[in-house]
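Sequential numbering of the sequence shown, starting at 3, is according to my numbering.
Where a beta carbon is used, it is the ideal one built from N, C-alpha and C, also for glycine.
Right, one structure below, let's go through it.
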Amino acid sequence: MSYPVDPRYAPVAAFSPLDDERTGYRSPASYAKPFPPYDPNENHGDLGDAGIEMGSRRPDPPRHDRSHETMYSTFSNNTSQPEMHSFLHDPMNKIDTFYTANTFVPYKDNSGKQLRHILIGSSFRWLITAGLCGGYVFVTRMWQNQGAQTEARKKVYNALTTGISIALGLNIASAFRDMALNMRWPILSGRKRNLVELDLILNADSLTKLVKLMYVARRPLVVFGCIFWLLVNLLAQAGIAMLSLTYSFDVDYSQVQMNPGQLVAIPYLDHFYPQGELSDAPSIHDEEYAAHMFGVLTYTYGANSSEYAPKAGEIYQPSAAMVYYDDDTRSVEHTFSDSPRDELLGTFSVYTSRTINATYECSAYRVTANGNGTDDDLVVETLGNMTVSQTVPNSTTYLTHDDHLCASGDRCSIVEAFEASDTDPWYYVCNITLGETRNDPQNVSWISAYMARVATASIAQVGYTDYLGVASQIYPRDSPWGTTANGSTDVIGMAMSIFAMGTIAGATMYNPYTEYTGDAPKQGVYLHVGHPYFFYLIISLICGCHLLFIVVVAVLTNRVMVGPDGHLSMSLLLRPIADALNGVSGGKENKAFRDAKRNTTVVYEKGRSGSRWQLNMKDR
């Protein structure tokens, strides 16, 4: 088909904002200017009608024979416009091609300047990651070295680590989003992709968009890449969460918290309470019996050498001894303990500086006649004839009198012992003294002289005396108290002193408790890093993998020119595509619009000028 030739008609060259990079930028203000008036001496191109101006009427688009076209629109409407350009027809060359024009380029692809820019920007995120990981380690090590701590200190640690974990998770997520945004450009430059994939790849910082991209693309490499990046993000967050599984706060059984000015639980030590219940005035018989029972159990409480005696401030050890003997000083010592309020002597009690000791002085006499334990009347060397109301062969009988006070003071008792034997019988006379409580300015563990007299004679008395006013108790040879001393005053004297001190130790355990104001012990907790290897491994992997991804992404991204991040710059990059899509569908998401998105491909590549990268539309 041919048309008459108008000498005033000078057709313009075919135009495409995607192909002609020489088009200069036009200010949006120029669009509002009216067309120039008709001049018969000038060519107006397609505007052959002198009456056409911007303010009145636009010309109809020219029709072209496809056989003579120099360019066919990338987006073609297959339904009703066989001879029309759908959206690229721009006879006045007024489509803005600012972004694709030869303007200033801040960074070039594959350049050291762009690489440094990428590395510096990413390194800032990594420094935050390293700082937070270092803070996590520092806080953990500090709390780990503090020993027993209060619940308040535990909450402070939990608050700090929770804050660090949240900040670390947000920083890692933000850093990975930046990496994904940078990786868009080398991915888009790798091959042609349709506009649906383009839209999803440009939103690569959204994990949900990556899932949708897998479904849309369905190519193995794309699916693998999306799954890999999803796993990297999930594992990073899971690793941060797993840090809290490598440690725990456990009850500290080696130390306690001391709280000044609070109530402390201690036992009543004014009497021996036989039933462990507070009563106004237990009888002397009840107290002597209770003291004897406490003393018998001394080796159940435990007796050990004084070199193992506890120090003030140490936590009470239920398995440790309650009395400690020193052969050099001929003494036996007990250390008093403080307990948490409303608790008895137990796991979270603590040893104090308050102590009390028992000492002995003994004399030994050989039995010269009737010493086999079958006769009550003994003949003792130096002492003469002695009567023991209860004797048993191969045993030791301890006895004391109603008036058993020593001449040296009212905290001392005279205790005698007969060691029956067929071959080597002995008779002993000992002075057992219970000292006053030391380091007790408030007298909270004061032992009265009355209790001291009961305690020192308790190995021989159980509450009652015979008609002669003598109290006695027999112990078999294999019992701790019936072992032969063979004339050793230290052995028999130490046995009596240990028994006497055992009565005090028993009272601290079984007497009713009261309170005083002091440094109250309290259960503490400590930070136990049960899996230190995994703790430091996770921290190292978080920092190391973050740094590795920074380097890999920077190297791959530097192969192309990094595209814009801002919305305005991105809109300029996408404007040719957007204008073309608008021409296809008239701004509506109809079937033609969707078909165009599926059937049109783009690739991110250098323009003809060789400096500016752009998204070029390609036919399939």
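In the structure shown, residue 198 adopts helical secondary structure according to DSSP, grouped into three states. Listed in chain order, the non-local C-beta contacts of residue 516 below 7 Å within the same chain comprise 268, 270, local neighbours out to five positions each way being set aside.
Rounded to whole angstroms, residue 180 and residue 135 show a C-alpha spacing of 20 Å.
With respect to the 8 Å criterion, residue 522 and residue 266 are classified as neighbours on the basis of their beta carbons.
Taking a contact as a CB-CB distance under 8 Å, the pair residue 458 and residue 436 counts as one, their CB atoms being some 5 Å apart.
Taking the Cα positions, residue 573 is about 10 Å away from residue 567. Judged by beta-carbon spacing, residue 258 lies beyond the 8 Å limit of residue 139, meaning their Cβ atoms are not closer than that value. Counting only unbroken stretches of 3 or more residues, the beta strand (DSSP E) elements lying wholly within the stretch 220-306 are 250-269, in sequence order. Annotation: residue 564 is outside any alpha helix (DSSP H) and is labelled neither H nor E by DSSP.
DSSP places residue 156 in the uninterrupted alpha helix (DSSP H) bounded by 153-192. Across the structure, residue 191 and residue 127 are spaced so that their CA atoms are roughly 26 Å apart. By the neighbour-count criterion, in which a residue is buried when 16 or more other Cβ atoms sit within 10 angstroms of its Cβ, residue 478 is exposed.
Closest by C-alpha distance to residue 606, out of 161, 153, 114, 199, is 199. Between residue 465 and residue 427, the C-beta spacing is not below 8 Å. In the three-state reduction of the DSSP assignment, residue 533 falls in the coil class. Under the three-state reduction of DSSP output, residue 336 falls in the strand class. The straight-line gap separating the alpha-carbon atoms of residue 487 and residue 344 is approximately 44 Å. Contact between residue 485 and residue 366 does not hold, since the beta-carbon distance rounds to 15 Å and is not under 8 Å.
The C-beta of residue 223 has fewer than 16 other C-beta atoms within 10 Å across all chains shown, which makes the residue exposed. In the three-state reduction of the DSSP assignment, residue 410 falls in the coil class, being assigned neither a helical nor a strand state. Between the beta-carbon of residue 242 and that of residue 560 there is about 29 Å, and that puts the pair past the 8 Å contact cut. Between residue 501 and residue 297 the beta-carbon gap is near 4 Å, inside 8 Å, which marks them as a contact. The criterion of a C-beta distance shorter than 8 Å is not satisfied by residue 385 and residue 430.
Where residue 386 is concerned, the enclosing beta strand (DSSP E) starts and stops at 386-389. Between residue 461 and residue 417, the C-beta spacing is below 8 Å. The beta carbons of residue 399 and residue 474 sit closer together than 8 Å. Rounded to whole angstroms, the gap between the alpha carbons of residue 471 and residue 255 is 50 Å. Looking at 244, 195, 603, 554, the one whose alpha-carbon comes closest to that of residue 117 is 554. Boundaries for residue 131: no beta strand (DSSP E) harbours it, while the alpha helix (DSSP H) harbouring it runs 114-146, taken from the DSSP string. For residue 604, the uninterrupted beta strand (DSSP E) segment begins and ends at 603-608. Taking every protein chain shown into account, the CB of residue 444 has fewer than 16 other CB atoms within 10 angstroms, so this residue is exposed. Ranked by Cα distance from residue 394, the first of 412, 413, 420, 221 is 420. Residue pairing from DSSP places residue 478 in a beta bridge opposite 397. Sorting 330, 620, 334 by C-alpha distance to the C-alpha of residue 323 places 334 at the top. Excluding its 5 nearest sequence neighbours in each direction, residue 397 has C-beta neighbours in its own chain below 8 Å: 375, 422, 476, 477, 478, 479, 484, listed in chain order.
In terms of CA proximity to residue 332, 361 leads the group 338, 350, 361.
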